[in-house]
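Residue numbers (the working numbering), protein chains in the order written: chain D, -13 to 479; chain Z, 5 to 182. Even for Gly, the Cβ is constructed at its ideal location relative to N, Cα and C. Here is the structure we will look at.
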Amino acid sequence: MLLLFIIVPLAVAALMPLLARIWKGLPDVLGMVTMAFTLGLGLYHIRMVAAGHRYFWDTGSLGLPLKLSLAMDGFSLLLLLIISLISLFACIYSVNYMEHYGAKGSYYALFMLMVAGMNGLVLTTDLFNMYVFLEVAAVASYALVAFGQKHDEVEAAFKYLMLSVVATTGILLAMSFVYLMTGTFGITDLAYAVKTGMNAQLIGLCLALFLMGFGLKSAMVPFHAWLPDAHPSAPAPISAMLSGVLIKVSGIYALVRVVYNIFGLPPQVSSALMVLGVLSMVIGAVVALGQNDYKRMLAYSSISQIGYIVVGLAIGSPLGIMGALFHLFNHATFKSLLFLNAGATEYATGTRDLTKLGGVNNKLPVTGFTNTIGTFSIAGVPPFNGFWSKLIIIVALVEANYIGVAAIAVATSIITLWYFLQMQRQAFFGKLAAGLEKVREVPFYMALATICLAALCLLGGLFYPWITANLIQPGVTSLSNAIGVNSFINLGQ
Amino acid sequence: MDLLNLILLLMLAGFALMAVFLKDLLKAAISLAFMSSLLAVLLYRLDSPFAAVFELSVVAGLITVLFVSVIALTKEEETAKEARWPAYVFPLALVVFGLIDIKVMQSLFATTPQGFGNPEASFGATLWGVRSLDILGQIAVIFGGVFGVLALLREKPLTAKQKEDAIIAKDGGKEKLW
């Protein structure tokens, strides 16, 4: 069953360019159906995982000569749901938005590959498999960033590629050291080997390399240089996927699996993560304040919000982890919404320069309304989802005696509200800017995707007890166990 | 360390540097091929013949052919101005990295346990029987490369102005009137 999360998008990707020749609309339909299928598969597992069940699957039971092992716990399921959910809305949005780019077959093929790569990364129990799937998702995302073929897009993709190579070199080097010392890549075996006899100096070196590599992938400050170019340059649904999902899967998820499940969150790493988290939170927000390009502002805001997640994870307490995982889920919803809105605004007006926009709320009522919801969610205004996750992180910080960091988190939230309200005022309210008289609301599918995501932001806030109990808590339990009694999650090795 | 291995390693680093710093793309691609061939020799000498064959056939062979073909198809349109600072900073960074590397490796080799893995297992059995998921990932990476090339080298969609010009060029603008 778990293999379907990888095989189905992969098979659809392989067939997509051929099927696209049969009927022009088929890539759109196949994209949406595939993502709805993986989402359904994820939703099907919620009840059992919430009850404490962990899934493990391997080919041994099928009597095949191949060896494929996959596992799913609460943390994996949360990420699988985020990937499928945001991918589904990105596919819906792409129906209209990607029309003028052409080559939808290739576009969806790359999109499905990116999803297959992320799902593989989340489900594997082997460190080297993680690296391979990290590359699958990355290779597809480089091409998707440059999909528009313009000079800026190709340049941003190249920069992204180069810095990603630096990241994966660090990760690969750390993996080689770990293998050299332990003779295994299995996450559970590694946790045992590390605990029982790995050289402390080498553990420090490996952790530094992992932190650098996954820090680059998740765009934490000071490893963030690629993100403000790559994310705005990509087509809007891809920006939503990159900021909403990819940096979390290939950066945060992979880092947490390594740091929590293998190394058990040593105090030095916790401190380093706290420093990186605070730096990301503050620098991302302050730089976002001065941006005139809507999507670039959102990209810096992603760096800032990743900071919140990292700070929550750095605390290491169940409440901190809960805040971090809930914010990870919430950020995926509101940041995707905001990137899709930025794309919708550019689609309708031809610009994403905030100084050239103004007063388009009456012309773009759906986009304006959903953008307001996204703004309130990201700024942590009650009752939207961002409020609860930020509140939990701040309470966890206070509880763990990080009063100063809690104050910084509150201040950053105010800065976030400031620059988002400034953007909202510049782009949507006030007098209609010259040349925008003929602007019309975006087509149906684009509007539908943003309405659904906006509804999720609101429902996520209103029904947060259900979400935290059924989606977040199983992940918190998995990660707390990983570091709690110095034991580790049974990933089936 | 074996003296020959050390010489091969130094030559490899030299060709890698040439691949980065040579202005002529063709020469850079050929330097890269030399670097890869030396790596293949090193891998062979370090008891990894299969990795050596892959390195030689794919990186030194196939990829070099691709690079050279693409360079042959490219015309020079404009010369990009390159920043000069990497030429100064890079060697410095390399020396610092080398010093750290030597220090780390010395302590690493002093504590490295020997004899992991199963020397009896064949390459095929290990690849298919133990690393099957990696093969699936590799297939996906190859698909990613192919679809990426198809997507990025596709014909660019025409802008409204280009479409208009194309129509005028085709039928003298009659269609535009409609």
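Expected contact under 8 Å - CB spacing of residue i and residue j to nearest Å
i                 : j                  : result
Phe171 of chain D : Tyr165 of chain D  : 6 Å
Thr24 of chain D  : Phe(-9) of chain D : 6 Å
Phe480 of chain D : Trp404 of chain D  : Residue numbering for chain D in the displayed model covers -13 to 479; residue 480 of chain D lies beyond these limits and cannot be assessed.
Thr68 of chain Z  : Leu36 of chain Z   : 7 Å
Ser92 of chain D  : Phe151 of chain Z  : 5 Å
Leu158 of chain D : Tyr117 of chain D  : 6 Å
Ala318 of chain D : Met432 of chain D  : With a Cβ gap of about 19 Å, Ala318 of chain D and Met432 of chain D do not count as contacting.
Leu66 of chain D  : Gly26 of chain D   : Leu66 of chain D to Gly26 of chain D, Cβ: 11 Å. No contact.
Ile69 of chain D  : Val235 of chain D  : 7 Å
Ala455 of chain D : Thr402 of chain D  : That belief does not hold up - the Cβ atoms of Ala455 of chain D and Thr402 of chain D are roughly 27 Å apart, past 8 Å.
Val242 of chain D : Val264 of chain D  : Actually they are not in contact, since the Cβ atoms of Val242 of chain D and Val264 of chain D sit about 18 Å apart, beyond 8 Å.
Ala153 of chain D : Leu202 of chain D  : 4 Å
Listed by chain order, chain Z residues near residue i by CB distance under 8 Å
i                 : result
Glu332 of chain D : Within chain Z, no residue comes near Glu332 of chain D; the closest Cβ sits about 16 Å away, beyond 8 Å.
Pro3 of chain D   : Phe151 and Leu154
Leu54 of chain D  : Ser136, Leu137 and Leu140
Ser92 of chain D  : Phe151, Leu154, Ala155 and Arg158
Tyr128 of chain D : Gly152
Asn115 of chain D : Leu137, Asp138 and Gly141
Val125 of chain D : Val145, Gly148, Gly149 and Gly152
Proximal residues to residue i (C-beta, below 6 Å), its chain only, five neighbours per side dropped
i                  : result
Gly354 of chain D  : Asn347 and Phe414
Ala205 of chain D  : Leu213, Ile233 and Ile289
Val81 of chain D   : Asp14 and Tyr431
Leu457 of chain D  : Leu64
Asn371 of chain D  : Asn316, Ser363, Cys443, Gly446 and Gly447
Leu(-4) of chain D : Ala102
Leu147 of chain D  : Tyr128
Gln291 of chain D  : His317
Gly106 of chain D  : Ile(-8) and Phe119
Partner residues on chain Z for residue i, Cβ-Cβ distance less than 9 Å
i                 : result
Lys424 of chain D : Ordered by position in chain Z, no residue passes the 9 Å Cβ test against Lys424 of chain D, which lies about 15 Å from the chain.
Ala132 of chain D : Gly152, Ala155 and Leu156
Neighbourhood of residue i by C-beta distance below 8 Å, restricted to the same chain and skipping five residues each side
i                 : result
Leu448 of chain D : Pro369
Asn472 of chain D : Below a pLDDT of 50, predicted positions are generally treated as unreliable, and Asn472 of chain D, at 40, falls in that range; no measurement from the model is reported.
Asn185 of chain D : Met167
Gln410 of chain D : Asn357, Thr358 and Thr361
Contacting residues, own chain, Cβ-Cβ under 7 Å from residue i (five flanking each side not counted)
i                   : result
Ala(-1) of chain D  : Ala95, Met98, Leu99 and Ala102
Ala142 of chain D   : Val131, Asp215, Ala216 and Ser219
Ala435 of chain D   : Phe75, Ile78, Tyr79 and Leu326
Thr342 of chain D   : The residue asked about is misnamed: residue 342 of chain D is Lys in this sequence, not Thr. Closer than 7 Å at Cβ, skipping near neighbours: Ala419.
Gln479 of chain D   : Residue confidence is low: Gln479 of chain D scores 37 on pLDDT, short of 50, so the model does not pin down where it sits. No coordinate-derived value is stated.
Met18 of chain D    : Leu74, Cys77 and Ile78
Ile378 of chain D   : Leu305, Met308, Gly309 and Phe312
Leu(-12) of chain D : Tyr41, Trp43, Leu56, Met58 and Leu109
Val(-6) of chain D  : Thr20, Phe23 and Thr24
Ala44 of chain Z    : Ala56, Glu59, Leu60 and Ala64
Leu12 of chain D    : Leu5 and Ala6
Tyr294 of chain D   : Met267, His313, Lys376, Ile379 and Ala395
Gly345 of chain D   : Phe415, Gly416, Lys417, Leu418 and Ala419
Proximal residues of chain D, C-beta to C-beta of residue i below 8 Å
i                 : result
Phe147 of chain Z : Leu(-4), Ala(-1), Ala0, Ala95 and Leu99
Neighbour list for residue i in chain Z, Cβ cutoff strictly below 7 Å
i                 : result
Leu191 of chain D : Val108
Phe119 of chain D : Gly141
Partners in chain D for residue i, counting only beta-carbon separations shorter than 9 Å
i                : result
Ala33 of chain Z : Within chain D, no residue comes near Ala33 of chain Z; the closest Cβ sits about 17 Å away, beyond 9 Å.
Ala64 of chain Z : Here the premise fails: no neighbours, minimum Cβ distance about 19 Å.
Any non-hydrogen atom of the ligand FMN within 6 Å of residue i CB
i                 : result
Gly447 of chain D : The model on display carries no ligand, and the ligand FMN is accordingly not part of it.
Chain-ordered chain D contacts of residue i [CB-CB under 7 Å]
i                 : result
Ala144 of chain Z : Leu(-4), Leu99, Ala102, Gly103 and Val122
Using a Cβ-Cβ cut-off of less than 8 Å, give me the residues of the stretch 98 to 113 of chain D that come near chain Z, in sequence order. Leu99, Ala102, Gly103, Gly106, Thr110 and Asp112
For the stretch 80 to 92 of chain D and the stretch 440 to 456 of chain D, state whether three or more C-beta atom pairs, one from each stretch, are separated by less than 8 Å. no
Per the contact definition of three or more C-beta pairs closer than 8 Å, is the stretch 23 to 39 of chain D in contact with the stretch 389 to 397 of chain D? no
Is it a yes or a no for the stretch 70 to 79 of chain D touching the stretch 321 to 339 of chain D, going by three-plus beta-carbon pairs under 8 Å? yes
Pull out every residue of the stretch 30 to 42 of chain D whose Cβ sits closer than 9 Å to any Cβ of chain Z, in chain order. none
Would you check if there are 3 or more beta carbon pairs closer than 8 Å linking the stretch 298 to 313 of chain D to the stretch 194 to 214 of chain D? no
Taking 8 Å as the cut-off, does the stretch 254 to 274 of chain D touch the stretch 282 to 295 of chain D (at least 3 CB pairs, one atom from each stretch)? yes
Within the chosen definition, does the stretch 456 to 466 of chain D reach the stretch 54 to 61 of chain D through at least 3 CB pairs nearer than 8 Å? yes
Using 8 Å as the cut-off, can you tell me whether the stretch 109 to 123 of chain D makes contact with the stretch -1 to 9 of chain D, which would need three or more C-beta pairs spanning the two stretches below that distance? no
Using a Cβ-Cβ cutoff of 8 Å, what residues of the stretch 70 to 104 of chain Z are near chain D? List them in chain order. none
Segment contact flag, the stretch 420 to 428 of chain D with the stretch 379 to 388 of chain D, C-beta cutoff 8 Å, min 3 pairs: no
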